[in-house]
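S.K.: First the structure, then my questions, so here it is.
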Amino acid sequence: MLALPRGRILEEFRPLLTRMGIEPEAALDDPNARQLKFSTSDAALDIVCVRSFDVATIVAFGGAELGVAGNDVLMEFDYPEIYAPLDLGIGRCRMVVAEPAEMVAGDDPSRWSHVRVATKYPEITRRHFARRGVQAECLKLSGAMELAPSLGLCRRIVDLVSTGATLKANGLVEVEHIADVTSRLVVNRAALKTRPKFVGAWVERFAQAVDGAGDGAGDGA
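Just so you know, my numbering puts 50 at position 55 of the sequence shown, and the rest follows in order with no gaps.
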């Protein structure tokens, strides 16, 4: 079983399946489909589509042997049950600290001792600031972090940024870089230990697809 997130990552991941000669059910490409589990042209591989944060949990607890998760998710949950052997090179973005543009001129991040931050990533945020000796009070939001400063919830946010257009549209400016983010192939460690040939074969097929060398002639593990 392969757990995938919907949206942009799924769109960028699809060519890898094609390079491997694997075609999923057509419904996988339908953004309005309510179906969550899909068969593929390879009898050894089924796909489940879930929220990005849920991929790590599903793989960690054995619901799927394989998955695709951003290293933002892996850093946030830090599941020891997950092994991430391959950077797929998709879903590129960065995690940043941002604040209202009007604050930047009179602000010095090196002098912060306490910050209140809206974020989807409280664990990453706390660790980032703790390394600098800064106490972080995290307000966990599931989305629309950019609104938090204008609503008076806090003055700063930690979020993922791709082009920076959403920050700019909401009057925010990036002031600190936390991490670069890409999506990784993740593996359940127990599955790798108990079924090394099966799981290892899939890791190798994905590696070949990432290198552009996949010819679709694999044995389906």
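Built from N, CA and C at the ideal position, the CB exists for glycine as well.
In angstroms with no decimal places, state the Cα-to-Cα distance between Glu94 and Phe124.
M.R.: Each residue's Cα considered, the two are about 15 Å apart.
S.K.: Cα-Cα, which of Ile85, Leu146 and Val170 is closest to Asp154?
M.R.: The candidate whose alpha carbon is nearest that of Asp154 is Val170.
S.K.: What does DSSP give as the partner residues of Met70 in its beta bridges?
M.R.: None; Met70 has no bridge partner.
S.K.: Let me know the secondary structure DSSP gives Ala55 once reduced to three states.
M.R.: Helix at Ala55.
S.K.: Candidates Lys135, Tyr116, Ala131 and Gly128: which alpha carbon is nearest Arg89's?
M.R.: Among Lys135, Tyr116, Ala131 and Gly128, the Cα nearest to that of Arg89 belongs to Tyr116.
S.K.: With a threshold of 6 Å on Cβ separation, who are the neighbours of Phe72 within its own chain once the five nearest residues in sequence on each side are excluded?
M.R.: Closer than 6 Å at Cβ, skipping near neighbours: Ala51.
S.K.: Apply the 10 Å Cβ neighbour rule to Ser178 and answer buried if 16 or more other Cβ atoms are within range, or exposed otherwise.
M.R.: Buried.
S.K.: Keeping to the same chain, check which residues put their C-beta closer than 6 Å to that of Pro144; ignore five residues upstream and five downstream.
M.R.: Pro95 and Arg150.
S.K.: With a floor of 3 residues, list each beta strand (DSSP E) that falls wholly inside the segment 79 to 131, ordered by position along the chain.
M.R.: You should have 88 to 95 and 109 to 114.
S.K.: Would you mind giving the Cβ-Cβ distance between Asn66 and Val176, rounded to the nearest angstrom? I have them listed as a contact below 8 Å.
M.R.: Right, the Cβ-Cβ distance comes to about 6 Å (below 8 Å), so this counts as a contact.
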